[in-house]
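Participant:
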Amino acid sequence: MKAQLLQTPIVYLKGVGPNRAETLRSELGIATYQDLLNLFPNRYIDKTQYYKIVQLQRSNADVQLIGKIVNIKTVAQKRGSRLIATFVDDTGKMELVWFRGQKWIRENLKLNIPYVIFGKCNWFNGSFSMPHPDMELLSEHEKGLKISMQPIYPSTEKLSNKGITNRVIMKLVQQLFAETNGRFSESLSPNLVGELKLLSKSEAIFHIHFPKNQELLAKARFRLKFEELFYIQMQLISKKLLRKQKIKGFNFDQVGTLFNDFYSNHLPFELTSAQKRVIKEIRADLGSNAQMNRLLQGDVGSGKTIVAVMVMLLAIDNGFQACLMAPTEILAIQHYNGIQELLKNTGVRCSLLTGSVKQSARKPIHEQLESGELQILVGTHAVLEDKVRFKNLGLAIVDEQHRFGVAQRSKLWHKNEIPPHVLVMTATPIPRTLAMSLYGDLDISVIDELPPGRKPIKTVHRYDRNRLKVFGFIRDEIKKGRQIYVVYPLIQESEALDYKDLMDGYESIARDFPLPDYQISIVHGKMKPADKDFEMERFVRGETQIMVATTVIEVGVNVPNASVMIIESAERFGLSQLHQLRGRVGRGADQSFCILMTGHKLSSEAKTRLETMVRTNDGFEIAEVDLKLRGPGDLMGTQQSGILHLKIADLVKDNDILKSARHYAIKILKEDPALQRPENLIIRHTYAQLMKHKTIWNYIS
Ligand code: ADP
Ligand code: MG
């Protein structure tokens, strides 16, 4: 079967006129034969059984019956009307009901002729009725393909209003099989089909629409999922290879004195083996002549900062400048202070640039950057301003990447002719294979080990009515010299209410923890930056014992003496946010606690989130649950990557298939980058077709 035939506009398929073609296009995005073929069923229904009316149960199952319509009438109701048909078989009678599309039904239904009907039954006023049944004349039914599992296709209200029922779509697909003899050209190489024991393309397409049995359906699904993920991976990986070929990078071939001196004399602690491994991976990139584009994943507290510092030293050792960009001012300041502390005996020159640095103070920074005197610049996105020009920026590190997004990341690139190496650090743990797809052409390093000696944070869930007990606990912890965070949700849609909750909460805490024994800081987004910093500083210095805040403290803040994190209205937070917040404690030597406060009424999802938090501290495990609850669609950054448009595969549930698809894509491209070998011919053709018709996942990076 020629590929061109599949590009035939759907209007030419027998049974599709201009009207239906338009509806199919607008409702399901079906424009060509190919599109219809790729409209995979959502589910399947066992059609081996025919029920009698007398056998009907008040269950929710779909049933299939044979009988006749003996009578049809329109009944007026409060709004509009409904169409009711009386359906009988030799055991009884029931009603068929339509609320929409009545005209079409009325004109087409035949009385006193046997039909096969299919659908869910309702029990109402002592008899059964079936709303919007799927119907077919028995004579047609008997002529049709004998299938045991009926496909149920995606549908919309407009489709059914226009009479394009599931049965109609099924007929169209059958027509398509008839016109093409059900033969479709293979789209994976014989090697892959053989090695993975895949169904052929034609078999897979047939059994995804009309599976003969469960086993063949499973095989068809596997083959099609594999194919979909495989070609996405082919695209990602060839893009990466291309970048490595095309985009030259500075070659950091020296492991110079600064790095060595720091390593031998100034490391404040022994690096974990994960930190060592990651530094090695990064060093290999930096000496490879290609531009580094690497994602560094590590749970909160896993020690990404020291890695960043050591990589910056490598840059400086090779005569380059380095820049570290953080998403918030608070975090930039903290990075700056931390880096200054680590580098205090090394003579490296480092400055801070944020939005609130005064113009007068900026001038020397600009000058020293251009002269090369300044070796490290730490800041917020203020570092991206045009006025900021480096003498020779060799390395850009971006912390917490989901706050920036793609455009700003690439802006850092264009600061000089050869782009700097880029290291993106994120504390949002995402299962590795998913990260590979999301961040496509980035390489990935993972710090999967926490520094030694950390006590796992104890997490509990408490209801609001137990607040007094919780306050008692806070009092005890403060007596021991610890500090406490109390965090309130702040969600854009309910901002005004949320601020009220925050202020009410603050007042109630202030009443229970009065001056002069207790000092309380409050930080939220409506405060002036200077006031915010002042309050933060007081808490960091230990002058205040309680920090009441909105999620501004979510990112990165490091106060090792803080040992209790209280999250108010915890049911309103997402899992990854809860995990990030909890990561603010547990940074010192003391036992730390996280208390999740909620109201009494909880959705089942909220319960799962809370239970997960109580059960584990492992960011990757939490990320897996989060993905299962929400799907990758809600994950930060996925919207723009277009990962939602997968036809059959699911990036979370099909993780194993994804891994295997990636494995083979890498293998094939490594052995045959231009896909010139005869055994890869089919792959080359299919890939070219997919790119041409833009049916491949539209990935932005
Ligand atoms: P994050 O990955 O969240 O940015 P940080 O870099 O802020 O983590 O590190 C968290 C804390 O752990 C810091 O106080 C840091 O000094 C400490 N730390 C990092 N690496 C180690 C290590 N190998 N041994 C002991 N402490 C470490
Ligand atoms: Mg950090």
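Take the position in the sequence shown, starting the count at 1, then add 811; the result is the number in our numbering. All residues carry an ideal CB built from backbone N, CA and C; glycine is no exception.
(1) Going by the C-beta, is Trp1391 closer than 7 Å to any heavy atom of the ligand ADP?
(2) For a test of the three-state rule: what should DSSP assign to Leu1184, helix, strand or coil?
(3) Indicate the three-state DSSP secondary structure (helix, strand or coil) for Val1351 in the structure shown.
(4) With C-beta atoms as the reference, is Gly1183 less than 8 Å away from Lys1202?
(5) Could you give the distance in angstroms between the alpha-carbon of Asp1342 and the alpha-carbon of Gln1170?
(6) Name the DSSP beta bridge partners of Arg854, please?
(7) Which residues bound the alpha helix (DSSP H) around Ala1307?
(8) Tell me the rounded alpha-carbon separation between Ser1332 and Gln1356.
(9) Check whether the Cβ atoms of Thr1239 and Leu1301 sit closer than 8 Å, and answer yes or no.
(10) With three or more beta-carbon pairs closer than 8 Å as the criterion, would you say the stretch 1034-1041 touches the stretch 1005-1023?
(11) Which residues does DSSP pair with Lys1254 in a beta bridge?
(12) Could you give the distance in angstroms between the alpha-carbon of Lys1051 and the alpha-carbon of Arg1094?
(13) Hey, out of Gly1109, Gly1067, Ile864, Pro962, whose CA is closest to Phe1131's CA?
(14) Answer yes or no: the CB of Glu1152 versus the heavy atoms of the ligand ADP, is any distance below 7 Å?
(15) In terms of DSSP beta bridges, what is Arg893 paired with?
(16) Kindly indicate which residue of Ala1015, Ser959, Phe1431, Glu1039 has the alpha-carbon position closest to the one of Asp1465.
(17) Trp909: buried (16+ other C-beta within 10 angstroms of its C-beta) or exposed?
(18) Which same chain residues end up closer than 7 Å to Leu847 when comparing Cβ atoms and leaving out the 5 residues on each side of it in sequence?
(19) Which ranges would you report for the alpha helix (DSSP H) in the stretch 905-950 if only whole runs of at least 4 residues count?
(20) What span of residues does the beta strand (DSSP E) with Lys1269 cover, start to end?
(21) Assuming Asp945 and Asn977 are in contact, meaning their beta carbons sit under 8 Å apart, how far apart are those beta carbons, in whole angstroms?
(22) Name the residue from Ile1058, Val1120, Glu990 whose alpha carbon lies nearest to the alpha carbon of Pro1231.
(23) Would you kindly work out how many angstroms separate the C-alpha atoms of Gln1186 and Gln1108, rounded to a whole number?
(24) Distance check for Leu1279 and Gln961, CA to CA, integer angstroms please.
(25) So, at 7 Å on beta carbons, what are the nonlocal neighbours of Pro829 in its own chain, with the 5 sequence-adjacent residues on each side left out?
(26) With a threshold of 7 Å, establish whether the CB of Val1111 neighbours any heavy atom of the ligand ADP.
(27) Enumerate in chain order the residues of its own chain whose CB-to-CB distance from Thr843 is below 7 Å, with the five nearest sequence positions on each side excluded.
(28) Leaving out five residues before and five after Pro942 in sequence, what residues of the same chain have Cβ atoms less than 6 Å from its Cβ?
(29) Let me check understanding here. Comparing Cα to Cα, which of Asp1210, Ile1477, Glu1304, Phe1350 lies closest to Arg1383?
(30) Hey, could you find the ends of the alpha helix (DSSP H) Ser837 is sitting in?
(31) Can you find a heavy atom of the ligand ADP that lies under 7 Å from the Cβ of Arg1322?
(32) For the ligand ADP, any of its heavy atoms closer than 7 Å to the Cβ of Ala1517?
(33) Report the start-end ranges of each beta strand (DSSP E) in the stretch 1077-1159 that is 3 residues or longer and not cut off at the edges.
(34) With H, G and I counted as helix, E and B as strand and the rest as coil, what does DSSP make of Thr976?
(35) Please report the distance separating the alpha-carbon of Val1111 from that of Ala1417.
(36) Could you compute how far the alpha carbon of Ser998 sits from the alpha carbon of Val881?
Facilitator: In short, the structure shows the following:
(1) Looking at the sequence shown, residue 1391 is not Trp but Gln. Because no heavy atom of the ligand ADP lies under 7 Å away, the Cβ of Gln1391 does not count as near it: no.
(2) In the sequence as presented, Leu is not what sits at residue 1184; that position holds Glu. The answer is coil: DSSP assigns Glu1184 none of H, G, I, E or B.
(3) The DSSP-derived three-state label of Val1351 is helix.
(4) Judged by beta-carbon spacing, Lys1202 lies within the 8 Å limit of Gly1183, meaning their Cβ atoms are closer than that value.
(5) One alpha carbon belongs to Asp1342, the other to Gln1170, and they sit about 20 Å apart.
(6) Per DSSP, Ile963.
(7) Its alpha helix (DSSP H) spans residues 1306-1323.
(8) Distance between Ser1332 and Gln1356, taken at the CA atoms: about 8 Å.
(9) The beta carbons of Thr1239 and Leu1301 sit no closer together than 8 Å.
(10) With a cut-off of 8 Å, the stretch 1005-1023 and the stretch 1034-1041 count as touching, because enough Cβ pairs lie within range.
(11) First, the amino acid is wrong: residue 1254 is Asp here, not Lys. BP columns for Asp1254 point to Arg1105.
(12) A direct Cα-to-Cα measurement between Lys1051 and Arg1094 gives close to 18 Å.
(13) In this structure, Gly1067 is the residue among Gly1109, Gly1067, Ile864, Pro962 with its C-alpha nearest to the C-alpha of Phe1131.
(14) Because no heavy atom of the ligand ADP lies under 7 Å away, the Cβ of Glu1152 does not count as near it: no.
(15) Bridge partners of Arg893: Val886.
(16) Comparing alpha carbon positions, the residue from Ala1015, Ser959, Phe1431, Glu1039 closest to Asp1465 is Glu1039.
(17) By the 10 Å Cβ count, Trp909 comes out buried.
(18) Same-chain partners within the cutoff: Ile821, Ile841, Leu983, Val984, Leu987.
(19) Complete alpha helix (DSSP H) runs here, min 4: 913-919.
(20) Residues 1269-1274.
(21) Indeed, because the Cβ distance is near 6 Å, the residues count as touching under 8 Å.
(22) For the set Ile1058, Val1120, Glu990, the Cα lying nearest the Cα of Pro1231 is the one of Ile1058.
(23) One C-alpha to the other measures close to 25 Å.
(24) Straight across, the Cα-Cα distance linking Gln961 with Leu1279 is about 59 Å.
(25) Val822.
(26) Val1111: yes, Cβ under 7 Å from the ligand ADP.
(27) Taken in chain order, the residues that qualify are Leu817, Gln818, Thr819, Pro820, Ile821.
(28) If you ignore the 5 residues before and after Pro942, its C-beta comes within less than 6 Å of the C-beta of Val908, all in its own chain and listed in chain order.
(29) Considering only Asp1210, Ile1477, Glu1304, Phe1350, the residue with the shortest C-alpha distance to Arg1383 is Glu1304.
(30) 829-839 is the extent of the alpha helix (DSSP H) around Ser837.
(31) Answer for Arg1322: no, Cβ out of range of the ligand ADP.
(32) This structure leaves residue 1517 out entirely; the chain is present only between 812 and 1512.
(33) Listed in chain order, they are 1104-1109, 1132-1136.
(34) The three-state reading of DSSP puts Thr976 in coil, since its state is none of H, G, I, E or B.
(35) Roughly 23 Å between the two C-alpha positions.
(36) If you take the alpha carbons of Ser998 and Val881, they lie about 51 Å apart.
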